[in-house]
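Just so we're aligned: the sequence shown equals residues 159 to 495 in our numbering.
Built from N, CA and C at the ideal position, the CB exists for glycine as well.
Computed from a predicted model, the values in this text were never measured in an experiment.
Scroll down for the structure; my scribbles are underneath it.
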Amino acid sequence: MESLCNALVVDAGGRPTDVHQLIATRDFDELEAWTRRVYMPYAVRPTGNILVPSSDLHAVHIGSMILSRFSYGIPVHLSDFSEGAGMGMALTTVRGAGRHWVDRHEPAETAAGESFLVDTSRTEYWADFDPDHLQVNITFPHRYLEELYLRWTGQPAHEALWRLKIRFGGAGSPWHALLAYCCRCVAEYPRQVSEGPLGRQLKEMLGTQMLMEWTRRWGELPARPCALAPRYVRQAEQYMREHAREAPTLSAVAAAVGISVRALSGAFREFRRTTPMAFLREARLQGVRQALLAAPPESTVAAIAEQWGYYSLGVFAARYRARFAENPSDSLRRVGR
């Protein structure tokens with residue numbers, strides 16, 4: 159546990175360091191500005207007699223993820239996490255205790271060494287922390303884990319998987335060991351973790367471990383990963399993600415990566431267990447979902463759908479419901495949360 163207690167506050171030689179410190183404050187407004195950047199917009203409310211925080215926040219990027227060490231210094235209740243931010247969290251209690259609400263009647267308590275995993279882009283989340291609580295967290299973009307799952311299995315994850323809220327970990331667990339390893343790497347090689355190949359490797363290890371927890375609770379382990387796909391398959395996937403709003407034809411995708419339609423389709427079947435057009439349909443649905451979640455309050459489903467090339471609102475709504483188990487209007491109503 160010592161390695162997590164010292165996360166981001168000691169250097170490779172064990173000496174105190176403030177190089178990763180973002181803020182130490184007793185001002186809630188100042189604290190909110192930083193937590194919105196490191197985590198996402200959410201509401202925090204003191205729950206005890208002391209109303210002024212004594213907060214300390216350290217953080218470092220691991221690729222597109224963020225490793226942070228955080229405490230409020232007072233008892234607090236957290237709620238209203240923004241789903242539009244497209245982020246999730248794995249929160250590990252290092253000191254004190256946390257209470258994470260699975261639903262409005264069932265809390266999951268985390269003692270020192272235990273963790274809680276939640277994708278706040280896909281489900282509600284609220285929590286209570288005592289005044290002694292210290293946490294080491296990983297904040298991750300939902301899109302990265304979604305793409306990692308697709309690489310594992312060749313198929314998108316069921317939407318209900320991302321709604322699972324999971325208490326896991328504990329001293330001696332793979333997650334605890336991996337988190338300690340990441341913290342040690344930050345102390346030894348801070349720049350390589352933030353910008354280099356080491357950070358990319360750590361990000362994939364963290365993402366894979368989180369997926370293992372989700373799929374174990376879901377009752378479905380990822381299939382054996384597909385064989386390494388040719389470069390043009392990965393280029394085609396990137397092209398379709400970048401041009402999803404334009405709904406390119408299969409011929410256009412093949413031309414963009416310099417290969418025939420037949421060869422591209424065959425490679426997708428062999429290495430991705432799907433078709434290029436199925437991949438594109440998924441990319442388009444994910445794109446329009448993110449647009450709905452991030453839309454200004456005055457936006458309409460029809461206008462956003464049309465921007466993404468869905469001109470039959472009924473057909474679009476049916477496909478959206480089949481994929482995400484909710485109406486497009488439900489996603490739009492989450493704006494601002």
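- Query: Where does the unbroken alpha helix (DSSP H) through Asp-187 begin, and where does it stop?
  - Reply: Here residue 187 refers to the residue found at position 29 of the sequence shown. Counting along the chain, the alpha helix (DSSP H) containing Asp-187 begins and ends at 186–196.
- Measuring alpha carbon to alpha carbon, tell me which of Arg-253, Arg-321, Arg-301 ends up nearest Asp-290. Indexing the sequence shown from 1 puts residue 290 at position 132. Nearest Cα to Asp-290 within the set Arg-253, Arg-321, Arg-301: Arg-253.
- Message: If you reduce the DSSP assignment to three classes, tell me which class Arg-203 lands in.
- Response: Translated into positions along the sequence shown, residue 203 becomes position 45. It is a strand residue.
- Could you check where the alpha helix (DSSP H) with Phe-482 kicks off and where it finishes? Taking the first residue of the sequence shown as position 1, residue 482 is located at position 324. Its alpha helix (DSSP H) spans residues 471–482.
- Message: Can you list, in chain order, the residues of its chain with a C-beta nearer than 7 Å to that of Glu-440? Leave out the 5 residues immediately preceding and following it.
- Response: The sequence position of residue 440 within the sequence shown is 282, counting from 1. So the qualifying residues of the chain are Pro-314.
- Using alpha carbons as the reference points, say which of Tyr-469, Val-391, Ala-460 lies closest to Glu-428. Looking up residue 428 in the sequence shown gives position 270. Selected option, being the one with the closest Cα: Val-391.
- Query: Quick one: Cα of Leu-306 to Cα of Glu-241, how far?
  - Reply: One-based indexing of the sequence shown puts residue 306 at position 148. One-based indexing of the sequence shown puts residue 241 at position 83. Those two C-alpha atoms are separated by around 20 Å.
- Task: Kindly provide the ranges of any alpha helix (DSSP H) runs that are 4 or more residues long and lie completely inside the segment 425–477, ordered along the chain.
- Result: 434–451, 459–465
- Query: In or out: Arg-277 buried (at least 16 other Cβ within 10 Å) or exposed?
  - Reply: Numbered from its first residue, the sequence shown carries residue 277 at position 119. A small correction: the amino acid at residue 277 is Asp; Arg does not occupy that position in the sequence shown. So Asp-277 ends up on the buried side.
- Let me know the secondary structure DSSP gives Asp-277 once reduced to three states. As a first step, residue 277 is located in the sequence shown; it is residue number 119 there, counting from the start. Three-state DSSP puts Asp-277 in coil, outside helix and strand.
- Message: Using 8 Å as the cut-off, can you tell me whether the segment 407–426 makes contact with the segment 287–302, which would need three or more C-beta pairs spanning the two stretches below that distance?
- Response: With a cut-off of 8 Å on Cβ pairs, the segment 407–426 is not in contact with the segment 287–302, counting fewer than three such pairs.
- Quick one: what does DSSP say Gln-313 is sitting in, helix, strand or coil? Here residue 313 is taken as the residue at index 155 of the sequence shown, counted from 1. If DSSP states are grouped into helix, strand and coil, Gln-313 belongs with coil.
- Message: By the DSSP assignment, the beta strand (DSSP E) with Asp-286 in it spans what residues?
- Response: For the purposes of this step, residue 286 is taken as the residue at position 128 of the sequence shown. 285–287 is the span of the beta strand (DSSP E), which, as asked, contains Asp-286.
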